[in-house]
Amino acid sequence: MKKIAFISIICILFISGCTYNGNTVNTDNDENNKIQELKKSIKRLESDLKEKNDYIEKLEQQQAIFPILSNIALEFVRGHTQGNIEKLKEIISDSI
């Protein structure tokens, strides 16, 4: 009777061990899928970051150019209202 109980306990442990190995394979596949999804997410976020950095650089360039453009526009308006042709020629090309 003791041998049967001992053998049945060993069989139960063996069966539970086999079931556990099947779960680890599924868990490994799930983890690999999750890793792939995270890598895709990282690539997408890196591209978004690059786009936003490019946009920020363009805004900084616009901010640097704006005072120059506004001064030229102010000179044009003053030259036009005062009728100063020489000042207008400096601002606008001769072909216009």
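Taking mature numbering (1 follows the signal peptide of the UniProt record, and there is no 0), I'd label the letters of the sequence shown as residues -21 to -1, 1 to 75.
Even for Gly, the Cβ is constructed at its ideal location relative to N, Cα and C.
If you're wondering where the values come from, they're calculated on a predicted model, not measured in any experiment.
Asked	Found
Please report the distance separating the alpha-carbon of residue 122 from that of alanine -17.	Nothing can be reported for residue 122: it is not among the residues displayed for the chain, which extend from -21 to 75.
Please check the pair isoleucine 70 and isoleucine 51, which I expect to be a contact at CB under 8 Å, by giving their CB distance rounded to whole angstroms.	6 Å
If you draw a straight line from the C-alpha of leucine 67 to the C-alpha of arginine 57, how long is it?	9 Å
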